[in-house]
Amino acid sequence: ELQHIRDSFTDEQWRVYAQSKFDFTQEPFLDAFPAHKRKSSRDSASPENSVVENGSGDAKKSSKPTKSKKKAAKPELNIIQYNRFELKKIQKEVPKEQWIPYIKSKWDTSEEPWELDPYLRCPFEERLRRIRKREKDERKKVIEDRKKKRDEDRSELVSSGKTTQTVKIQETSYESYAARIKKDFEEKTAKRKQ
1 ELQHIRDSFT DEQWRVYAQS KFDFTQEPFL DAFPAHKRKS SRDSASPENS
51 VVENGSGDAK KSSKPTKSKK KAAKPELNII QYNRFELKKI QKEVPKEQWI
101 PYIKSKWDTS EEPWELDPYL RCPFEERLRR IRKREKDERK KVIEDRKKKR
151 DEDRSELVSS GKTTQTVKIQ ETSYESYAAR IKKDFEEKTA KRKQ
C-alpha cells in the first residue's frame, strides 16, 4: 500500500512536499536531494533513431533507445553511507536509554516521520484506533479518580446534627469551666496564626 502511494507521485512532487515539511539544510536531509536535478528515467529514455544494418546489407531505423555508456558521475562527498545491516548493528550496540535522548535533542520527534512509541508503530488506521482507545482509557481513569475523591470528601463531611458531641466537665464551678474554655480557644487561635 505504501509503495503504491509512493509510486503514484513523481520525484519532483515528493521533493516539493518534503521541502514544505522539513528543513533540508539540517540532518538527516543533507544529501537527500542534490543540487543538480536528476532527470527522470522517462526523459533519459527518449527514443533516438539509430541505423542498424542487418546481414543482407539493408539499413533499418531502430526505434529502440540506445543506452549511453556514460553514467552520470556522482559528486564526491565526504559522507559515510551505511546499509541497513550496518545501521541495525549500530543500533543494537547502543541501548535505547542513550538513543532516545540523543534523537530528541537533535530533532523534533513529535511530528512525522518519528514514532518512538512501539505501541503506535502500526498501520495508520490501527494507530488511530489505538490512540482513541488510549485517550478513552485516560478519560475513564480521570473520571474514576474524581469520583473516588468526591466520595472521600463526602465521607469526611458529616453534619453536626448526625453526631452528638459530649464533653465531660471536670470543673467544680462555672468560672473555672469558662476559664478553661477561654484558655483552649486562645491556644487554638495561636496555632492557627502560626
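Be aware that the sequence shown starts at 1, since it is given in the UniProt record's numbering, and climbs by one per residue. No residue lacks a Cβ here, since even glycine has one placed at the ideal position from N, Cα and C. As the structure is a computational prediction, the values presented were derived from the model and not from experiment.
Asked	Found
Am I right that K106 and E27 are in contact with their C-beta atoms under 8 angstroms? What's the rounded C-beta distance?	7 angstroms
Give the straight-line distance between the Cα atoms of E156 and K147, rounded to the nearest whole angstrom.	14 angstroms
Quick one: grab the DSSP three-state call for F124.	helix
Determine the direct distance from the alpha carbon of D11 to that of W114, and round the result to whole angstroms.	22 angstroms
Skipping 5 residues on each side, what residues in its chain have a beta carbon closer than 6 angstroms to that of H36?	For H36, the predicted structure reports a pLDDT of 46, less than 50, and the residue's modelled location is therefore unreliable. A value from the coordinates is still provided. Excluding positions up to five away in sequence, the list is empty.
Using only alpha-carbon positions, find the residue among A18, D7, I5 that is nearest to E112.	A18
Going by the beta-carbon positions, is the gap between I90 and L116 smaller than 8 angstroms?	no
If you drop the 5 nearest sequence neighbours on each side, which residues of the same chain put their C-beta closer than 6 angstroms to that of R134?	none
Quick one: give me the first and last residue of the alpha helix (DSSP H) that P113 is part of.	Run containing P113: none; DSSP gives neither H nor E here.
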